[in-house]
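Have a look at the structure below, then the notes.
See the structure below:
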């Protein structure tokens, strides 16, 4: 029996609200055929070994972690600024729900060194499993994803290269459970902004083999972490990264103060704060006079954009599942929403867009490491998270706008992804930098061609279309290089969008070819056709109104391959 009281007008099945079961409480591995296909492809011989771990993880993410995420959103971290004697302790107190989720995640941590070693021993790719772990986590709580994954690889990599031996040992102890242990924080942004390094005001002066760093950082996520990477200015004016810990070498409290926690729109499970440094002991994470540490740090930051892209994908996937769950049981005009043609059109579009973005994110994390990929993938995935969450609210109608339902939080959380690790304009500037300085478009175009070469047989029209668009993209890049610099910068956004469109279409064809050869099915080829039709075809003056309705005719195939409930 339900816990609610029966009201006198509850005489219709429409009021049997126990039918309304969303994504929470389900096993997110077993209900996701797209993830199972990806893992089968990327894990190869190690797939059978990995399945029990993935099944357990799917139940954890859809169960405890999802439940804790809702509680933490309602009761976020708080700042214990002073102790009972009025001394500044600047302690971030994390709620019990956050701690419970974090413990469970660390007990099932696919990103830990020990798990990666075991995976390799069984023929499984650790990078693929780590990607699956973050993909499932980000469907539950991208704030937790940020809290656990903010720059741990950056701290360890730079400390191993530049820090004194005793400091390196401390860092190794802090990150003994892997990069995703929630111990790192990146402090770049000041009140003047985060992208313009010339405006940076925090400064450091030498003190033996360490430095004394002073300054004020305006937005520091995961402020309860143990190791901070802080950008500050050297005496000669150059900018470099520094490592700052909560305690000095002698065990005393370091000069780190938290002024306040940010009252944010979303991602409330990650403690974001304003942090002040007052002659804090710091360690230069660069060779003095070389600037190489900053260059290495920026490369790591660029790579972390794929992590933010995964967050956008995770939100989009959760939004899709919540929309399907709701449309299956919500009735309107005498039948479920999912039987309505316009709703089928919307859900088909969501399915295709989510799977296209999924192909890009997993290729960036598990497949070929392309210089252009992080910026392009984040550009697409971060924005999809916002639009998909908005679509999910629309599917839910007025219920979607209510905080007791899960999709309102999705939209609040998703909006940060276009900001984290660089907004759209910054990403476009990075695309320009990669092309002009590193000729990065050449291996990118080669990757697209190689992907299309793996397309399935029997659908040459789609493969020919994408090959033609690769040629068009090459021409577009050539034309762009001849533009006036001001115009060229303004045109970076449509150029980057075209790159992302062709990239996703090529990867979907590659997946479709694998599916056909290994499984003998053609659903991913359908997704590739629908995506190419939406993004790469000129539909003329009728806007495609007269084109075949394959999205409706094969809706059941699309749905069955996207979610199993």
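Numbering (my numbering), first residue to last: 4 to 568. All C-beta atoms in this analysis are idealised placements derived from N, C-alpha and C, irrespective of residue type, glycine included.
For the putative contact between residue i and residue j, defined by C-beta atoms under 8 Å, what is the C-beta separation to the nearest angstrom?
i	j	result
residue 575	residue 62	Only positions 4 to 568 of the chain appear in the structure, and residue 575 is not among them; the question remains open.
residue 476	residue 501	6 Å
residue 245	residue 235	6 Å
residue 533	residue 513	About 16 Å separates the two Cβ atoms, so there is no contact after all.
residue 165	residue 289	6 Å
residue 177	residue 416	That belief does not hold up - the Cβ atoms of residue 177 and residue 416 are roughly 27 Å apart, past 8 Å.
residue 378	residue 353	With a Cβ gap of about 24 Å, residue 378 and residue 353 do not count as contacting.
residue 131	residue 268	Incorrect: roughly 33 Å between the Cβ atoms, too far for contact.
At what residues does the alpha helix (DSSP H) containing residue i begin and finish?
i	result
residue 429	427-441
residue 527	526-538
residue 136	129-143
residue 451	444-455
residue 364	344-369
residue 555	553-556
residue 113	That residue, residue 113, is in no alpha helix (DSSP H); it is neither H nor E in DSSP.
residue 397	376-399
residue 423	First-last for residue 423: undefined, no H or E at that position.
residue 478	463-484
Can you name the start and end residues of the beta strand (DSSP E) that residue i belongs to?
i	result
residue 284	275-287
residue 261	259-264
residue 85	81-85
residue 160	That residue, residue 160, is in no beta strand (DSSP E); its alpha helix (DSSP H) goes 155-165.
residue 94	91-96
Pick out whichever of the options has its Cα sitting closest to the Cα of residue i.
i	options	result
residue 272	236, 99 and 251	99
residue 347	394, 383, 311 and 389	394
residue 484	48, 224 and 498	498
residue 196	526, 248 and 222	222
residue 355	325, 319, 147 and 336	319
residue 270	110, 72 and 187	72
residue 261	280, 538 and 250	280
residue 152	162, 203, 313 and 220	313
residue 93	445, 456, 259 and 335	259
residue 574	453, 344, 350 and 178	Here the chain covers residues 4 to 568 and nothing more, so residue 574 does not appear.
residue 509	536, 141 and 520	536
residue 557	550, 190, 211 and 529	529
residue 107	425, 205, 184 and 538	184
residue 2	177, 563, 419 and 324	The structure shown does not extend to residue 2, since the chain is modelled only from 4 through 568, so no value can be given for it.
residue 426	465, 383 and 207	383
residue 124	53, 95 and 481	53
residue 400	21, 138, 330 and 58	330
residue 424	385, 57, 446 and 389	385
residue 96	264, 145, 49 and 41	264
residue 343	555, 504 and 266	555
residue 41	336, 506 and 134	134
residue 247	278, 267, 363 and 239	278
residue 570	525, 527, 315 and 327	A question about residue 570 goes unanswered here, because the residues of the chain that appear run from 4 up to 568.
residue 36	361, 254 and 520	361
residue 104	542, 129 and 76	76
residue 23	413, 328, 407 and 137	328
residue 143	422, 324 and 442	324
residue 198	493, 433, 459 and 438	433
residue 218	210, 205, 209 and 227	205
residue 251	267, 224, 283 and 238	283
Mapping DSSP to helix, strand and coil, what is residue i?
i	result
residue 295	Only weak support exists for where residue 295 lies, its pLDDT of 48 falling under 50; the coordinates are left without a value.
residue 222	strand
residue 231	strand
residue 336	coil
residue 406	coil
residue 494	coil
residue 244	strand
residue 168	helix
residue 236	strand
residue 256	strand
residue 521	helix
residue 121	helix
residue 250	strand
residue 329	helix
residue 499	helix
residue 310	helix
For chain B, is any of its Cβ atoms less than 8 Å away from the one on residue i?
i	result
residue 381	The structure shown has no chain B; it contains just one protein chain.
Item to check | Whole beta strand (DSSP E) elements within the stretch 175-220, 3-residue minimum | outcome: Correct list: 187-190 and 206-210.
Item to check | Within the stretch 16-76, ranges of the beta strand (DSSP E) (whole runs, at least 3 residues) | outcome: Fully enclosed beta strand (DSSP E) runs of 3 or longer: not present.
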